[in-house]
Amino acid sequence: MDRGRRRAGQPVARPVAGGLGAAPAVRRARAGAADHPAHLGGELPEPSEREGGGVNARTIRAGLRRGGVEYRQFLRSPKDVGVGLIGTVGIFLALAISQRGSDWPGTDTPKASIMAAGFVAFSVFSVAIMGLPMTIAADREEGALLRVRSLPGGTRAYTIGRVASALGQILTYVALMLAAALLFTETRLPETAGDWFTLVWVLVLGTLAVLPLGIALGSLMPGPRTAANLLSVPMMVLMIISGVMIPISVMPEPVQWVAQAFPLYWQGLGLRSALLPDTMLAAEIGQDWRTLETAAVLGAWAIAGMVLAPWLLRRVTRKESGSRLEARQRARAAQASY
214 MDRGRRRAGQ
224 PVARPVAGGL
234 GAAPAVRRAR
244 AGAADHPAHL
254 GGELPEPSER
264 EGGGVNARTI
274 RAGLRRGGVE
284 YRQFLRSPKD
294 VGVGLIGTVG
304 IFLALAISQR
314 GSDWPGTDTP
324 KASIMAAGFV
334 AFSVFSVAIM
344 GLPMTIAADR
354 EEGALLRVRS
364 LPGGTRAYTI
374 GRVASALGQI
384 LTYVALMLAA
394 ALLFTETRLP
404 ETAGDWFTLV
414 WVLVLGTLAV
424 LPLGIALGSL
434 MPGPRTAANL
444 LSVPMMVLMI
454 ISGVMIPISV
464 MPEPVQWVAQ
474 AFPLYWQGLG
484 LRSALLPDTM
494 LAAEIGQDWR
504 TLETAAVLGA
514 WAIAGMVLAP
524 WLLRRVTRKE
534 SGSRLEARQR
544 ARAAQASY
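Residue numbers (this note's numbering): 214 to 551.
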């Protein structure tokens, strides 16, 4: 009998903290590889696609359960939380305190308040564009993607779990950043319902714009070290040119055009429109908050990412095999020996 296919009524392995049904998944993959001569290299078809499955309630529950476990592990890790506190909140506080009492020329807006809006946007951006790709690349390197593909709906549940965990981290860092800005700078929360609405929709749409991009980037990275090496410098460059620390209007025009091609600038602009007074418009491009353009650009990035990211992740997951995983592990061991 074909052991690579699930019998009718046979229970599906439940997701566990170490991966989606890690031990049963490995056994199932080995059994399937042995019984399918066409897949001797471990190239098994995706069970969810073979059975015509989709995103159902069980898949969503499994993904959310996995995401909840990973987020709790993140909160219990002093290293993970500390990196965010020092790397984002700490840098913001150091810069903000050094600029305390100084307004941006031509406005009555404190420089620290300008940076507060920018660093809130950067908190979202850094989790999605650095943290999420490194996590997915680590899962690929350790064989987690090979395990999840042996489960019906495993890839979809994995994606939901990773997104849920990243959302939890984003909420944590945004809350910490806003708390730091309110306590140590002259930043104030929105005063009108319209500004509150702007704050919420910019955060939501900005998150939707970058999370799929992070999944796509993670799908392309062979390992977490490679992801860190390739993504850290471009992310820092975008941080500098996108108005996180100083208004983009002081940049050369070609740099302004480059910055406006990416979602970080637009989310920062939207947050400034919610958190800062209109006198700050004197330092913005065109002296306008450009709300419609903000929604359009962030929406375009979100749609493009939602189309590209699932396709890339499925493609990479299909190509995962035991032989490829073993080859990567041998290469990693060889590098570590030098």
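For glycine and all other residues, C-beta sits at the position ideal for the given N, C-alpha and C.
Given the structure is predicted, the values throughout are model-derived calculations rather than measurements.
{"query": "Where Pro460 falls: helix, strand or coil (DSSP)", "result": "coil"}
{"query": "Burial state of Glu533, where buried means 16 or more other Cβ atoms lie within 10 Å", "result": "buried"}
{"query": "Sequence-distant residues of the same chain with beta carbon closer than 7 Å to Val468, five excluded per side", "result": "Ile454"}
{"query": "Residue from Ser290, Trp479 and Leu494 whose Cα sits closest to the Cα of Asp321", "result": "Leu494"}
{"query": "Backbone CA spacing between Val340 and Ala379 [nearest angstrom]", "result": "7 Å"}
{"query": "Other residues of its chain near Ile310: CB distance less than 7 Å, five sequence neighbours each side excluded", "result": "Phe397"}
{"query": "Pro437, buried or exposed, once every other Cβ within 10 Å from all chains shown has been counted against 16", "result": "buried"}
{"query": "Leu288 to Ala508 span [Cα, whole Å]", "result": "32 Å"}
{"query": "Cβ-Cβ distance between Ala487 and Val417 below 9 Å", "result": "no"}
{"query": "At least 3 beta-carbon pairs within less than 8 Å: the stretch 334–354 vs the stretch 366–384", "result": "yes"}
{"query": "Close Cβ partners of Arg543 (< 6 Å) along its chain, the five nearest in sequence each way excluded", "result": "none"}
{"query": "Residues that Pro323 bridges to, as DSSP identifies them", "result": "Asp316"}
{"query": "Where the alpha helix (DSSP H) through Ala159 begins and ends", "result": "Limits of the chain in this structure are 214 at one end and 551 at the other, which puts residue 159 out of reach."}
{"query": "Secondary structure, beta strand (DSSP E): runs of 3+ residues fully inside the stretch 477–537", "result": "none"}
{"query": "Which listed residue (Gly344, Ala392, Leu391 and Arg360) has its alpha carbon closest to that of Leu430", "result": "Gly344"}
{"query": "7 Å CB neighbourhood of Leu526 in its chain, flanking five on each side removed", "result": "Thr368, Thr372, Ile428 and Ser432"}
{"query": "Under the three-state DSSP convention, the category Glu283 falls into", "result": "helix"}
{"query": "Span of the alpha helix (DSSP H) around Val468", "result": "Glu466 to Ala472"}
{"query": "CB of Ala472 within 9 Å of CB of Met464, strictly", "result": "yes"}
{"query": "First and last residue of the uninterrupted alpha helix (DSSP H) at Leu364", "result": "Looking at the DSSP string, Leu364 is not in any alpha helix (DSSP H), and its letter there is neither H nor E."}
{"query": "Beta-carbon contacts of Val268 that lie in its chain and below 6 Å, excluding the five residues immediately before and after", "result": "Arg369"}
{"query": "First and last residue of the uninterrupted alpha helix (DSSP H) at Ser290", "result": "Counting along the chain, Ser290 falls outside any alpha helix (DSSP H), and DSSP gives it neither H nor E."}
{"query": "Residue environment, Ala394, which counts as buried when at least 16 other CB atoms sit within 10 Å", "result": "buried"}
{"query": "Straight-line gap, Tyr386 to Thr420 (C-alpha atoms, nearest Å)", "result": "13 Å"}
{"query": "Beta-carbon proximity of Ile299 to Ile459, cut-off 9 Å", "result": "no"}
{"query": "Pro403 in three-state terms, based on DSSP", "result": "coil"}
{"query": "7 Å Cβ shell around Glu283 - same chain, five flanking residues per side excluded", "result": "Gly374 and Ser378"}
{"query": "Alpha-carbon to alpha-carbon, Phe410 and Gly483", "result": "11 Å"}
{"query": "CB contact flag (Pro435, Glu354, <9 Å)", "result": "yes"}
{"query": "Assigned exposure category for Trp470 - 16 Cβ within 10 Å defines buried", "result": "exposed"}
{"query": "Met449 burial status per 10 Å Cβ neighbour count (16 or more: buried)", "result": "exposed"}
{"query": "Residue burial classification, Ile461 (beta-carbon count within 10 angstroms, cutoff 16)", "result": "buried"}
{"query": "Given Val333 as reference, the closest of Leu511, Gly319 and Phe305 once Cα atoms are compared", "result": "Phe305"}
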